[in-house]
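Each residue of the sequence shown is one higher than the one before, counting from 297 in this note's numbering.
Note that CB positions come from ideal geometry on N, CA and C, so glycine has one too.
Nothing here was measured: the structure is a model prediction, and the numbers come from that model.
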Amino acid sequence: MVTIIWKDHNGAWKCPGTLLHVFVSVSSEVRGQVTVTQPGSVRSAVGESVTINCRTSQRVYSWNSQDYMAWYQQKDGKFPKLLMVDANRPADRIPSRFSGSGSSSDFTLTISGVRAEDAAVYLCHCVHIGNRPGPHTQSKLLIQKLPSKIN
């Protein structure tokens with residue numbers, strides 16, 4: 297995917313689609329100054345609630361009381377699907393069991409009533425420094441099958 301992203305003559309990053317853009321750190325200066333921390337994996341059983349945390353080393357870009365932190369879900373072999381916009385606003389047609397919270401540099405994605413189909417990689421992506429995309433990281437949600445009751 298990175299090979300089809302380029303810099304124009306003004307040094308701005310360009311790509312054919314907006315979703316592709318958010319998964320690329322756009323400059324070495326942003327990569328060098330901002331770090332994003334997220335657990336490598338999180339476990340949950342079907343029906344439980346699970347939280348996935350994401351912390352940045354600096355406050356994310358904020359405008360009009362909205363923090364520019366997005367959450368994505370990526371299933372095996374699929375393109376990432378936008379879940380949350382501006383930290384806590386669900387994207388279109390996202391089930392209500394997904395919710396986002398947090399501000400400044402500490403964010404959480406919560407899945408209430410986890411379903412088997414929620415097993416995926418979850419990516420948090422932040423914007424820093426004058427509304428330029430910053431780094432992202434990912435966490436894999438592992439769904440555990442609970443043992444059946446023994447009578």
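- request: Taking G373 as the reference, give the member of V417, S353, Q354 with the closest Cα.
  value: Here residue 373 refers to the residue found at position 77 of the sequence shown. It is V417 whose Cα lies nearest to the Cα of G373.
task: Taking 8 Å as the cut-off, decide whether the C-beta atoms of T347 and S401 are in contact.
output: Along the sequence shown, one-based indexing puts residue 347 at 51. Along the sequence shown, one-based indexing puts residue 401 at 105. No, Cβ-Cβ distance for T347 and S401 is not below 8 Å.
- request: Tell whether a beta-carbon distance below 8 Å holds between V342 and R411.
  value: What you label residue 342 is simply residue 46 of the sequence shown in a count that begins at 1. What you label residue 411 is simply residue 115 of the sequence shown in a count that begins at 1. Yes. Within cutoff.
- prompt: Roughly how many angstroms separate the alpha carbons of L379 and A387, rounded to a whole number?
  reply: Residue numbering aside, residue 379 sits at position 83 when the sequence shown is read from its first letter. Residue numbering aside, residue 387 sits at position 91 when the sequence shown is read from its first letter. If you take the alpha carbons of L379 and A387, they lie about 5 Å apart.
message: According to DSSP, is D414 part of a helix, a strand, or is it coil?
response: Here the question's residue 414 lines up with position 118 in the sequence shown. DSSP places D414 in helix when its eight states are reduced to three.
message: For P391, count the other beta carbons within 10 Å of its own beta carbon; 16 or more makes it buried, fewer makes it exposed. Which is it?
response: Your numbering for residue 391 matches position 95 in the sequence shown. P391 comes out exposed.
- prompt: With respect to the beta strand (DSSP E) encompassing F403, which residues constitute its N-terminal and C-terminal limits?
  reply: On the sequence shown, position 107 is the one that residue 403 refers to. 402-407 is the span of the beta strand (DSSP E), which, as asked, contains F403.
- prompt: What do you get for F375, buried or exposed, if any count of 16 or more other CB atoms within 10 angstroms of its CB means buried?
  reply: For the purposes of this step, residue 375 is taken as the residue at position 79 of the sequence shown. Exposed, by the Cβ-count rule.
message: Using CA atoms only, rank isn't needed, just tell me which of Q370, M365, G336 is closest to R385.
response: Here residue 385 refers to the residue found at position 89 of the sequence shown. Checking every option, the nearest Cα to that of R385 belongs to M365.
task: Could you tell me the distance, in whole angstroms, from the CA atom of L405 to the CA atom of S397?
output: As a first step, residue 405 must be located in the sequence shown, where it is residue number 109. As a first step, residue 397 must be located in the sequence shown, where it is residue number 101. So the two alpha carbons sit approximately 7 Å from each other.
Beta-carbon contacts of C350 that lie in its chain and below 6 Å, excluding the five residues immediately before and after: As a working mapping, residue 350 is identified with position 54 in the sequence shown. Closer than 6 Å at the Cβ level, and outside the excluded window around C350, lie Q334, F403, C420.
- prompt: With DSSP run on the structure shown, which of helix, strand or coil describes P391?
  reply: Translated into the one-based positions of the sequence shown, residue 391 becomes position 95. Of the three classes helix, strand and coil, the one that applies to P391 here is coil, per DSSP.
query: Using the C-alpha atoms, what's the distance from V381 back to S361?
result: Against the sequence shown, residue 361 aligns to sequence position 65. Against the sequence shown, residue 381 aligns to sequence position 85. Roughly 13 Å separates the two Cα atoms.
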